[in-house]
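K.L.:
Have a look at this one.
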Amino acid sequence: MTAHTAARDMAARDMEAPGVAIRDLTVVYKTPAGELPAVRGVDLTLAPGTITGVVGESGSGKSTLALSLLNAVQPPGRIAAGSVEIDGLGDVLTLRGEDLRRARGRQVGYVFQAAQNSLNPLKTIGKQLLDLGRSHDVEDLRGLVRDAKDLLARMGMDGARVLDSYQHELSGGMRQRVGIMLALVLNAKVVVLDEPTTALDMITQATILRIIREVHEERALTTLVITHDVGAVAEVADSLAVMYGGRVVEHGPVTEVLGDAWHPYTQGLIRAIPRLSGDLSLARALPGRPPTLGTLPKQGCVFRERCERRMEVCETDEPMSVNRDGRTVACHATDRHLTLVKRKEFV
Amino acid sequence: MITGTGITKIFKQRGGVLGAREVPALRGVDFAIAKGGAVSFIGESGSGKTTLGRIVAGLETHDAGEIVIDGVPMSTLSHRRRQPYFRRIQLIHQDPYSALNPTRTIHQTLEAPLRLRARQTGRPRSWVDGRAAELLAMVGIDPGYVLPRYPHQLSGGMRQRVVIARALTMDPEVLVADEAVSMIDVSLRLGILALLKDLRERLGVGVLFITHDIATARYIGDDGELYVLYRGQVVERGATEKIIADPVHPYTQSLLSAIPVLHGLERPGAERVVPREMQREGEPDGGCLFARRCPFSTERCENEMPVLGRDGGPGQETEQEYACFHPKRRSVIPVGVGE
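Going line by line, the protein sequences match chains A and B. Numbering follows this note's numbering, with no gaps: position 321 of the first sequence is 321. Numbering follows this note's numbering, with no gaps: position 11 of the second sequence is 358.
Here is the structure:
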């Protein structure tokens, strides 16, 4: 390949990867205590061609956020406000019926949490692939099978053999690859992976993370990885968004956020990760526990009960996201050191 | 003190045209857990670590070898006479959601074993309630809040603490913790690990810690011992801190290399090994079990099986032992950015 065509390929790739802009997204769940927000007022931009990692604990709203990209929040949940603009597709939240069904799979690929368990145990992988093709009116099913085999081979597997297999004949790492194949085979350019490494062995996890990174680059994708595992995001992502109690509390380039976290929750979370090196006495668990829908405070900062830098204002006012040096943070305690710029988010 | 010598377990798999196939889950594992000690077994799924934990807890039989509890070889006792010994070894398993009966309050969950314990030790019935509160306080939760509640009303971290409190009702000598923090929220994991460490120090309870996440093994005590298990064989053994800082066996190095680097805080170790994934394969005939995945294997490794010791031979008593013909220390773990 000459330098010229390589440059053109790069340009084409940049053109291809779509950007995603989530704006003021609020998702509520119906509970006996009324409708409560699992995701509230979230702004998040996925820059074209990047991998964004969203890290959060149980109840942080990260999976609900991910489902919103497919406009697939199920009752008792409901998207109450906001928009999810995907380049070349428009606002996903306004899509209905047939348009929405087509967008899922064709434009947005989704690898479900525990892809290990989301396959049909009664059908071979090949049959499930054909079902997927038919439901999306793919005319060239042979081509689809060829693409699937290529993708599987790319991930180090014997495609023909995998397509002839039932899910129980595949290991956890192989099923995860099948999940990725099914999400990409219709040439989706936006891919969401929900907990892609949960329940995998360490070495398999490392391999899957490498595959995600490589396939992302080769196919010029815009990728969102949802996980509770900061380490997994550190290995694979360009930018890191930290969610807590339904809010994005911090977002920025992954090395900067890990190297110098601004939000007290991010700082505490990093301190709480069991690590191979470093002083054992400096590591400690965060006090308290993550909030649930029912225990979220009605006003003020959602993190204040566990926060060591809590101030009076945290009881009453919810901190706004502020931007500085290409990073955003929502915290009253860090505000003081930042120049307040009235743009809510970095791009 | 609990010791195991030559613990061997063979699973018979039905299957295929050739009929039953024998799969060794444990191949002559030796170990010792001292009073209040911390012993960690690490390995991938299929390494036999869970099976070992179940054998130690008396929930699974073994095909060869001997478990000795407080000087008494278990093989010399009838099934019934063994029970009091194994009751002093309590298993805490991975999932605090399924480990507790959802139809019982925490009070009821703790009451039943405590009544048994009261009968065994000749204590009055009135002792039970006080002890339940005492145990919950010991594992760091408020008895007044937790006792009347059902499991679904508690967070995962609290449930795991209740499971530990229930294990403590039997005044155990050893807690077998099988992936005890893998389903707990990240911000709370260190709390559970610190609790296990605390119980070792305060009660002299030994901990057999089973995990695939080596980093967590550091946090149950810096005096711990680590066993690296591969396909039922201990391939490296020694002080936890030593093995993590100075691994010698290529499998240990692969496991450590696979742990994500927190870019920004850390940079990768200089000699990080690119690990190869586990393949489904049959028994190798005679050679090292890890040879086919090992980046450093030679012809000798294909033909001869290394034994745990120094330099691949059965060895003198040493701090760090390994089963490898080509031992070499490699710096594979992440280094802090500032260092």
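Where a beta carbon is used, it is the ideal one built from N, C-alpha and C, also for glycine. Just so we're clear, the structure is a prediction, and the values are computed from it rather than from any experiment.
Could you tell me if the beta carbon of residue 682 of chain B falls within a distance shorter than 6 Å of some heavy atom in the ligand ADP?
P.N.:
For the ligand ADP, the structure offers nothing, since it holds no ligand at all.
K.L.:
Under 8 Å, CB to CB, which of the residues in the stretch 514 to 527 of chain B have a partner in chain A?
P.N.:
none
K.L.:
Taking 7 Å as the CB-CB limit, is residue 622 of chain B close to chain A?
P.N.:
Numbered from 1 along the second sequence, position 275 holds the residue referred to as residue 622 of chain B. Chain A, which has a Cβ nearer than 7 Å to the Cβ of residue 622 of chain B, makes this yes.
K.L.:
On the DSSP bridge assignment, give the partners of residue 613 of chain B in chain order.
P.N.:
Locating residue 613 of chain B in the second sequence gives position 266, where the first residue counts as 1. Residue 613 of chain B is bridged to B:610 and B:683.
K.L.:
What are the boundary residues of the beta strand (DSSP E) that residue 143 of chain A is part of?
P.N.:
Translated into positions along the first sequence, residue 143 of chain A becomes position 143. Here residue 143 of chain A belongs to no beta strand (DSSP E); instead the alpha helix (DSSP H) covers 141 to 154.
K.L.:
Kindly list the residues whose CB is nearer than 8 Å to the CB of residue 98 of chain A, restricted to its own chain and excluding five residues on each side of it in sequence; keep chain order.
P.N.:
For the purposes of this step, residue 98 of chain A is taken as the residue at position 98 of the first sequence. The answer is none, since no qualifying residue turns up.
K.L.:
Per DSSP, what kind of secondary structure is residue 265 of chain A in: helix, strand or coil?
P.N.:
On the first sequence, position 265 is the one that residue 265 of chain A refers to. DSSP places residue 265 of chain A in helix when its eight states are reduced to three.
K.L.:
At the 7 Å Cβ level, is residue 511 of chain B part of the contact set with chain A, yes or no?
P.N.:
Against the second sequence, residue 511 of chain B aligns to sequence position 164. No, residue 511 of chain B lies away from the interface with chain A (no Cβ there is under 7 Å from its Cβ).
K.L.:
Of the residues that make up the stretch 263 to 284 of chain A, which ones have a beta carbon closer than 9 Å to any beta carbon in chain B?
P.N.:
265, 268, 269, 270, 271, 272, 273, 274, 275, 276, 277, 278, 280, 283 and 284
K.L.:
Roughly how many angstroms separate the alpha carbons of residue 582 of chain B and residue 527 of chain B, rounded to a whole number?
P.N.:
As a first step, residue 582 of chain B must be located in the second sequence, where it is residue number 235. As a first step, residue 527 of chain B must be located in the second sequence, where it is residue number 180. Taking the straight line joining both Cα atoms gives about 23 Å.
K.L.:
Report the CB separation of residue 277 of chain A from residue 681 of chain B in whole angstroms; it is logged as a contact under 8 Å.
P.N.:
Looking up residue 277 of chain A in the first sequence gives position 277. Looking up residue 681 of chain B in the second sequence gives position 334. Right, their Cβ atoms sit about 6 Å apart.
K.L.:
What residues from chain B crowd round residue 113 of chain A, counting only those whose CB sits closer than 8 Å?
P.N.:
As a first step, residue 113 of chain A must be located in the first sequence, where it is residue number 113. Residues of chain B passing the Cβ test: none, with the nearest at roughly 14 Å.
K.L.:
Beta strand (DSSP E) containing residue 183 of chain A: first to last residue?
P.N.:
Stepping through the first sequence from its first residue, residue 183 of chain A is reached at position 183. No beta strand (DSSP E) holds residue 183 of chain A; the alpha helix (DSSP H) holding it covers 172 to 184.
K.L.:
Counting only Cβ pairs nearer than 8 Å, list the residues of chain A close to residue 559 of chain B.
P.N.:
One-based indexing of the second sequence puts residue 559 of chain B at position 212. Ordered by position in chain A, the residues that pass the 8 Å Cβ test against residue 559 of chain B are 201 and 202.
K.L.:
Using a Cβ-Cβ cut-off of 6 Å (strictly less than) and excluding sequence neighbours within five positions of residue 180 of chain A, which residues of its own chain qualify?
P.N.:
The residue you call residue 180 of chain A lines up with position 180 of the first sequence. Counting only Cβ-Cβ distances below 6 Å, and skipping sequence neighbours, we find 111.
K.L.:
Would you report the Cα separation of residue 274 of chain A and residue 536 of chain B, rounded to the nearest angstrom?
P.N.:
The residue given as residue 274 of chain A occupies position 274 in the first sequence. The residue given as residue 536 of chain B occupies position 189 in the second sequence. One C-alpha to the other measures close to 8 Å.
K.L.:
CB-CB under 7 Å to residue 416 of chain B, same chain, minus the five flanking residues each way: which ones, in chain order?
P.N.:
For the purposes of this step, residue 416 of chain B is taken as residue 69 along the second sequence, with counting starting at 1. Taken in chain order, the residues that qualify are 349 and 432.
K.L.:
Between the beta-carbon of residue 20 of chain A and the beta-carbon of residue 125 of chain A, is there less than 7 Å?
P.N.:
Taking the first sequence and counting its residues from 1, the one referred to as residue 20 of chain A is at position 20. Taking the first sequence and counting its residues from 1, the one referred to as residue 125 of chain A is at position 125. No, Cβ-Cβ distance for residue 20 of chain A and residue 125 of chain A is not below 7 Å.
K.L.:
Report the residue from A:156, A:229 and A:40 whose alpha carbon sits nearest the alpha carbon of residue 296 of chain A.
P.N.:
Numbered from 1 along the first sequence, position 296 holds the residue referred to as residue 296 of chain A. If we check each option's Cα against that of residue 296 of chain A, A:40 comes out closest.
K.L.:
Which of the three DSSP states is assigned to residue 727 of chain B in this structure?
P.N.:
Outside the displayed span of chain B (348 to 686) sits residue 727 of chain B, for which this structure offers no information.
K.L.:
How long is the line joining the alpha carbons of residue 244 of chain A and residue 596 of chain B, rounded to whole angstroms?
P.N.:
Here residue 244 of chain A refers to the residue found at position 244 when the first sequence is read from its first residue. Here residue 596 of chain B refers to the residue found at position 249 when the second sequence is read from its first residue. So the two alpha carbons sit approximately 40 Å from each other.
K.L.:
Would you call residue 405 of chain B buried or exposed, if buried means 16 or more other Cβ atoms sit within 10 Å of its Cβ?
P.N.:
Taking the second sequence and counting its residues from 1, the one referred to as residue 405 of chain B is at position 58. Buried, since its Cβ has 16 or more Cβ neighbours within 10 Å.
K.L.:
Consider the Cβ of residue 774 of chain B: report whether some Cβ of chain A lies at a distance smaller than 7 Å.
P.N.:
The structure shown does not extend to residue 774 of chain B, since chain B spans only 348 to 686, so no value can be given for it.
K.L.:
By Cβ distance, which residues of its chain are closer than 8 Å to residue 420 of chain B, with the 5 residues on each side in sequence left out?
P.N.:
Looking up residue 420 of chain B in the second sequence gives position 73. Result list for residue 420 of chain B: 413 and 414, in chain order.
K.L.:
Could you say if the stretch 374 to 391 of chain B and the stretch 320 to 335 of chain A meet the contact criterion of at least three C-beta pairs nearer than 8 Å?
P.N.:
no
K.L.:
The stretch 232 to 247 of chain A: which residues have C-beta closer than 8 Å to a C-beta of chain B, in chain order?
P.N.:
Flagged, chain order: 232, 234 and 235.
K.L.:
Between the stretch 190 to 219 of chain A and chain B, which residues of the former have a C-beta closer than 8 Å to a C-beta of the latter?
P.N.:
Listed in sequence order: 201, 202, 203, 204, 205, 206, 207 and 209.
K.L.:
What is the rounded straight-line gap between the Cα of residue 567 of chain B and the Cα of residue 639 of chain B?
P.N.:
As a working note, residue 567 of chain B is residue 220 in the second sequence. As a working note, residue 639 of chain B is residue 292 in the second sequence. For the pair residue 567 of chain B and residue 639 of chain B, the Cα-to-Cα distance works out to about 33 Å.
K.L.:
Can you confirm whether residue 169 of chain A, when its beta carbon is compared against all beta carbons of chain B, has any partner nearer than 7 Å?
P.N.:
Taking the first residue of the first sequence as 1, we reach residue 169 of chain A at position 169. Chain B contact via Cβ: absent.
K.L.:
If you measure from the beta carbon of residue 290 of chain A to each beta carbon in chain B, is any gap under 7 Å?
P.N.:
On the first sequence, position 290 is the one that residue 290 of chain A refers to. Taking Cβ atoms only, chain B reaches closer than 7 Å to residue 290 of chain A, which makes this a yes.
K.L.:
DSSP state of residue 382 of chain B, grouped into three classes?
P.N.:
Position 35 of the second sequence, counting from 1, holds the residue named residue 382 of chain B. Here residue 382 of chain B sits in coil by DSSP.
K.L.:
Taking residue 251 of chain A as the query, report the chain B residues whose CB atoms sit under 9 Å from its CB, ordered along the chain.
P.N.:
Working through the first sequence from its first residue, we reach residue 251 of chain A at position 251. Simply none; closest approach about 14 Å.
K.L.:
Drop a sphere of 10 angstroms on the beta-carbon of residue 577 of chain B, count the other beta-carbons inside from all chains shown, and report buried for 16 or more, exposed for fewer.
P.N.:
The residue given as residue 577 of chain B occupies position 230 in the second sequence. Taking all protein chains in view, the Cβ of residue 577 of chain B is crowded by 16 or more other Cβ atoms within 10 Å, so the residue is classified as buried.
K.L.:
Tell me which residues share the same chain as residue 531 of chain B and place their Cβ nearer than 8 Å to its Cβ, disregarding the 5 neighbours each side in the sequence.
P.N.:
By one-based count along the second sequence, residue 531 of chain B stands at place 184. Taken in chain order, the residues that qualify are 443, 503, 504, 507 and 539.
K.L.:
Using a Cβ cut-off of 9 Å, which residues of the stretch 541 to 575 of chain B contact any Cβ in chain A, in chain order?
P.N.:
541, 559, 560, 561, 562, 563, 564, 565, 566 and 569
K.L.:
Nearest to residue 612 of chain B by alpha carbon, out of A:293, A:235 and A:48?
P.N.:
Reading the second sequence from its first residue, position 265 is the one you call residue 612 of chain B. Among A:293, A:235 and A:48, the Cα nearest to that of residue 612 of chain B belongs to A:235.
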